[in-house]
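Chains V and F, in that order, give the protein sequences. Final position of the first sequence in this note's numbering is 309; the numbers increase by one with none missing. Final position of the second sequence in this note's numbering is 586; the numbers increase by one with none missing. Built from N, CA and C at the ideal position, the CB exists for glycine as well. I have placed the structure first, in the form of structure tokens, so that the comments after it can refer back to it.
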Amino acid sequence: MAVKEKTGREAPPAPKGGGMTLRRRRTLVGLSFITPNFVGFFVLNLIPILFALLLCFNKWDGFNPMEFVGLDNFKYIFTHKVFQQAVVKTVIFTAFSVVITMLLSLGLAVLINQKLKGIGIFRTAIFFPYVASVVAVAAVWQMLFQKDMGLINEILRALGVADPPGWFASTKWALPAVIVVNIWKNMGYYMIIYLAALQDIPTSLVEAGMIDGANAWQRFWRIKWPLLRNATFFVAMMLTINSFKSFDLIYALTEGGPGTATTLLSQYIYNQSFVSWDYGRASAAAMVLFAIVAVITLFQFRLEKKFSE
Amino acid sequence: MLNKIPTWRKVLLYAALILICAVTLLPLVWMLSASLKLDKDVFRIPIEWIPSDPAWSNYQRIWEQVPMLRFTFNTFKVTIITTIIQVFTCSFAAYGFAKCQFKGRNLLFLLYVATIAVPWQVYMLPQYTMMNNVFHMVDTHAVLILLHSFDAFGVFLLRQFCMGIPNELLEAARIDGLSEYGIYRRIVLPQMGPSIATLVIFTFVSNWNDFMGPMIYLNSTELKTVQLGIRMFMGQYSTEYGLIMAASVVSLIPVIIVFLIFQKQFVQGIATSGLKG
């Protein structure tokens, strides 16, 4: 419907006998295709991003006049203990999430990439947690990780762990528990990416390896693994960025608690925004997050280029 | 030659796969099982995976204790409208970026791509302020719809597919006298079918599951979505485990249905946007 309207309005009859050059007309037509989306994108994404850039150098609570404070917001957050801890915790969360998810998703992809009957069912099962809502997922994991009655502690007790931890209720164990749920939820997604890469590898190459007498292990490491390099870069990059940005799931599981035990960078930004209503500090912290994400992206692109040369 | 997997390896593979899937699905199976139990039985050991006396009443009570029906309707409304706007504006822009030649095109596209890399947390507060102070749209469904309708990722995804449409086809149509809009509607749009399906599923799932958007923007109970509804449940009836699990199961059903029907497109979409991006 929207298309028709657009078509009717934006397609002027071609001006006969000059006035508009072909080039200008092409530009107008091209822009007319992009405009409906661009207007929304500009107002809702670009302006707020630019506004955030402005806010991080100002003090503002949303009501009183804005006051320029230079780098004060950055000075504040860099000396704020909760912020420092949030950065450290984000790095820990990211490191564990990236390494473990990558290994698991690669392993799963290799396992799933077999010509077996019903393999699609297994793929679907492993992928499903990725599309399940964080709220529902958090609700069930909270019960599974429950201290006295939860299934996980029952299993641990059966295995001989005398006093299993309280997980989400424990300042020490909440972060590991959050990492476990995070890995469980996302590994299916990265498995699919690895699976697509594995299926792109020409069978002739693998068959040649077989004829040369390479066993399965050698075929994987000598033939497939080098060809998976692009996928590995992509997975590593996406995982790192997504782990740094991680928010919904942790919020649904612990709301950053107990205390500040699972307050990662995103949660810190959220708290500064919607709990303290300190726009400047929130934006300053957000810029730090953005800088980290940007540096990782650039670094990984650089590395990828270097390797593929 | 590759198809011949020895039987012993097959058995081993199946065993490994079944074990892995059992572990992966365990939380969801537990959820389903608990949703059919009375609160006092939810944590009883040994676990009765299939309750002998299923408490179907849980599934009745969730609709009575909080306005779950209202929440479900709200979520469908927001999700469907967003998906429609998303598909039209994104496919339109994708064609513009992929097949129309004009000055500044690449620069504009770069802007889109760069924005995908900016974490939402960076502009979530300015966005909220703008919605609150300029548009006065906080606590409406319109704000959620706007927030998700112009996702740069959608444009990016469809453009990738659009690039694959052969130019000769479009040239032929131009010679036949079709305008660019005609080409978009008669040739490009039909060809984009599978990629639009992918976008629809992505949009549907991410909107249905969206939690932070509604949490930040909605206050009124009658406007809330399913995800907020479950949170409300957990806050008000924190020890009614069976009910919380029943509500969670219900919230997963639409996604399960959409996912099972369209999973091929879903998987293709991830593979395409992932590797060729």
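- Annotation: Cβ neighbours of E489 (chain F) in chain V (cutoff 7 angstroms, chain order): V29.
- Closest in alpha carbon position to L104 (chain V), among V:Y194, V:R23 and V:R281, is V:Y194.
- When Cβ-Cβ separations below 7 angstroms define contact, Q374 (chain F) makes no contact with chain V.
- Shown in chain order are the members of the stretch 333-353 of chain F whose Cβ falls below 9 angstroms from a Cβ of chain V: T333, L334, L335, P336, L337, W339, M340, A343, V351, F352 and R353.
- Taken through DSSP and simplified to helix, strand or coil, E549 (chain F) comes out as coil.
- Of all residues in the stretch 442-464 of chain F, the ones placed with a Cβ closer than 7 angstroms to any Cβ belonging to chain V are L455, L456, S458, F459, A461 and V464, in chain order.
- Taken in chain order, the complete alpha helix (DSSP H) segments of 4 residues or longer contained in the stretch 354-436 of chain F are 366-374, 377-408 and 414-426.
- Taking 7 angstroms as the threshold, the shortest C-beta distance from F57 (chain V) to chain F does not fall below it.
- When V:I112, V:M143 and V:F51 are compared, the shortest CA-CA separation from W339 (chain F) is found for V:M143.
- Proximity of V275 (chain V) to chain F, defined by a Cβ-Cβ separation below 7 angstroms, is not satisfied.
- Between the stretch 89-103 of chain V and the stretch 239-252 of chain V, the count of C-beta pairs closer than 8 angstroms reaches three or more; the two stretches touch.
- Annotation for T94 (chain V): the continuous alpha helix (DSSP H) segment containing it runs K81 to I112.
- E207 (chain V) is not bridged by DSSP to any residue.
- Chain-order list of chain F residues neighbouring M237 (chain V): empty, with the shortest C-beta distance near 10 angstroms, by a criterion of under 7 angstroms.
- Against K386 (chain F), chain V offers no close residue; the least beta-carbon distance is about 17 angstroms (beta-carbon pairs closer than 7 angstroms).
- The C-beta of T391 (chain F) has 16 or more other C-beta atoms within 10 Å across all chains shown, which makes the residue buried.
- The C-beta distance from L265 (chain V) to V87 (chain V) rounds to 6 angstroms, short enough to meet the 8 angstroms contact threshold.
- Shown here, F352 (chain F) sits in coil according to DSSP, grouped into three states, outside any helix or strand.
- Annotation: the continuous alpha helix (DSSP H) that includes G40 (chain V) extends over L22 to F41.
- Between Q536 (chain F) and S133 (chain V) the beta-carbon gap is near 6 angstroms, inside 8 angstroms, which marks them as a contact.
- Residue-level contact check: Q545 (chain F) does not touch chain V, since none of the beta carbons of chain V fall below 7 angstroms from its beta carbon.
- Within the stretch 129-160 of chain V, those residues whose Cβ lies closer than 8 angstroms to any Cβ of chain F are, in chain order, P129, V131, A132, S133, V134, V135, A136, V137, A139, V140, W141, M143, L144, Q146, M149, G150, L151 and E154.
- In this structure, DSSP gives K172 (chain V) a state outside helix and strand, which the three-state scheme calls coil.
- Sequence-ordered contacts of the stretch 555-574 of chain F with chain V read S557, S560, L561, V564, F568 and Q572 [C-beta pairs closer than 7 angstroms].
- Counting the other CB atoms within 10 Å of its CB gives M149 (chain V) a total below 16, which places it among the exposed residues.
- Distance from the CA atom of L326 (chain F) to the CA atom of L569 (chain F), rounded to whole angstroms, is 20 angstroms.
- Assignment of E477 (chain F) by DSSP, reduced to helix, strand and coil, places it in the helix class.
- Contacts between V422 (chain F) and chain V, judged by CB atoms closer than 8 angstroms, are missing: the closest CB pair is about 11 angstroms apart.
- Going by C-alpha positions, I496 (chain F) is about 34 angstroms away from R123 (chain V).
- Within chain V, the C-beta atoms nearer than 7 angstroms to that of I553 (chain F) come from A139, in chain order.
- Spatial neighbours of V558 (chain F) in its own chain (CB-CB distance under 7 angstroms, excluding positions within 5 residues in sequence) are listed in chain order as M340, L341 and S344.
- Residues of chain F with a Cβ closer than 9 angstroms to the Cβ of P48 (chain V) are, in chain order, V431, Y432, M433, L434, P435, Q436, Y437, T438 and M439.
- Chain F places no beta carbon closer than 7 angstroms to that of A86 (chain V), leaving this residue out of the contacts.
- The beta-carbon distance between V514 (chain F) and V576 (chain F), rounded to whole angstroms, is 13 angstroms. This is too long to meet the 8 angstroms contact definition.
- Residue pairing for F68 (chain V): DSSP places it in a beta bridge opposite V:N58.
- Beyond the five residues adjoining it in sequence on each side, I394 (chain F) comes within less than 6 angstroms, by CB distance, of S458 in the same chain, given in chain order.
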